[in-house]
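Undergrad:
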Amino acid sequence: MSDISLTNHIESPPELGSNTLFDLVNNPVSQTILIGNNLQSLFSQFFQRQYDIGSVEWRMLVVLAREPEITMSRVTEVTEMDKAAVSRALSKLNEKRLVQTSVVGTNARSKLWRLTPAGMALHDVIVKVTVEYIKQVLKGIPEESLATMLDVMKTMKQNAADIDWENPDTHAKNRRAGDAP
């Protein structure tokens, strides 16, 4: 039975068969997903317990603090989230009076979103706590390693965006033939 660790088989992956094992521990993509899911869950539980908002609502507060008077389509662009999730999060924040809207021109459906004073105050409190948690998560990692990690993650993100996810066979054939994916 062969064991696939993509860190060992990036250049020339072995022929895949029914006895192939996928290594979640030594696979950088799997580890990125696992740590992302873990941190998302921990932060979300913390925000919910302490501030009665989820991590998605927290992202909205961050975006609106950085870009006041922002449209929903811009929020979806910045957060890379789908419109429905953004809409739900903004609605929850609106119910809590943490955000407010103003209509753009004569189109009642076109709105600009901004934080209320209460929303900005909550943002400011959560930022301080979040920064401390992030420091703890990154404790012991040298600055140069963090810079490298960010560069690698940006490259991974771009590579993922470049994949034709509808045709996975194309990529497998290219890799076996030695072509660039």
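So the sequence shown is numbered by this note's numbering: it starts at 109 and just counts up by one. For each residue, glycine too, the CB sits at the ideal point set by N, CA and C.
#1: Can you look up L223 in the DSSP assignment and give me helix, strand or coil?
#2: In the DSSP assignment, what residue or residues form a beta bridge with S210?
#3: Using CA atoms only, rank isn't needed, just tell me which of R182, R196 and I141 is closest to S163.
#4: Which term fits M109, buried or exposed, when burial requires 16 or more other beta carbons within 10 angstroms of its beta carbon?
#5: Measuring alpha carbon to alpha carbon, tell me which residue in L254, K200 and V171 is nearest Q156.
#6: Have a look at V245 and N267 and give me their C-alpha separation to the nearest angstrom.
#7: According to DSSP, is D270 helix, strand or coil?
#8: Could you say if the region 206–214 and the region 184–194 meet the contact criterion of at least three C-beta pairs nearer than 8 Å?
#9: Looking at the secondary structure, which residues open and close the alpha helix (DSSP H) in which M189 lies?
#10: DSSP beta-bridge partners for L215?
#11: Here's a check: name, in chain order, each residue in its chain whose Cβ is nearer than 7 Å to the Cβ of I118, leaving out the five neighbours to either side.
#12: Near S138, what residues of its chain come up, given a Cβ to Cβ distance below 7 Å and the 5 sequence neighbours on each side ignored?
#13: Under 8 Å, Cβ to Cβ, is there at least one residue of chain C near A269?
#14: Given a cut-off of 8 Å on the beta-carbon distance, is the pair L220 and I178 in contact?
#15: Going along the chain, which residues of its own chain have a beta-carbon closer than 8 Å to the beta-carbon of T140, five neighbours each way excluded?
TA: Once the coordinates are examined:
#1: In the sequence shown, residue 223 corresponds to position 115, counting from 1. Residue state, collapsed to three classes: strand.
#2: Numbered from 1 along the sequence shown, position 102 holds the residue referred to as residue 210. According to DSSP, which records beta bridges pairwise, S210 is partnered with L220.
#3: Within the sequence shown, the letter at position 55 stands for residue 163. For S163, the nearest C-alpha among the options comes from R196.
#4: By one-based count along the sequence shown, residue 109 stands at place 1. Since pLDDT at M109 reaches only 47, below the 50 mark, its modelled position is unreliable, and no value is offered.
#5: One-based indexing of the sequence shown puts residue 156 at position 48. Of L254, K200 and V171, the residue nearest in Cα terms is K200.
#6: Working through the sequence shown from its first residue, we reach residue 245 at position 137. Working through the sequence shown from its first residue, we reach residue 267 at position 159. C-alpha separation (whole angstroms): 26 Å.
#7: Looking up residue 270 in the sequence shown gives position 162. Helix at D270.
#8: no
#9: Here the question's residue 189 lines up with position 81 in the sequence shown. Where M189 is concerned, there is no enclosing alpha helix (DSSP H), given that its DSSP letter is neither H nor E.
#10: Locating residue 215 in the sequence shown gives position 107, counting from the first residue. It is worth fixing the name first, because residue 215 is Asn in this sequence and not Leu. Answer by DSSP bridge pairing, in chain order: V212.
#11: As a working mapping, residue 118 is identified with position 10 in the sequence shown. The pLDDT assigned to I118 is 49, lower than 50, so where the model puts this residue is not dependable; a value taken from the coordinates is nonetheless given after this. Within the same chain, I118 has no close Cβ partners at all.
#12: What you label residue 138 is simply residue 30 of the sequence shown in a count that begins at 1. Answer for S138: L132, listed in chain order.
#13: No chain C is part of this structure, which consists of one protein chain only.
#14: Stepping through the sequence shown from its first residue, residue 220 is reached at position 112. Stepping through the sequence shown from its first residue, residue 178 is reached at position 70. Cβ atoms of L220 and I178: closer than 8 Å.
#15: To locate residue 140, count along the sequence shown from 1; it is residue 32. The residues are M261 and M264.
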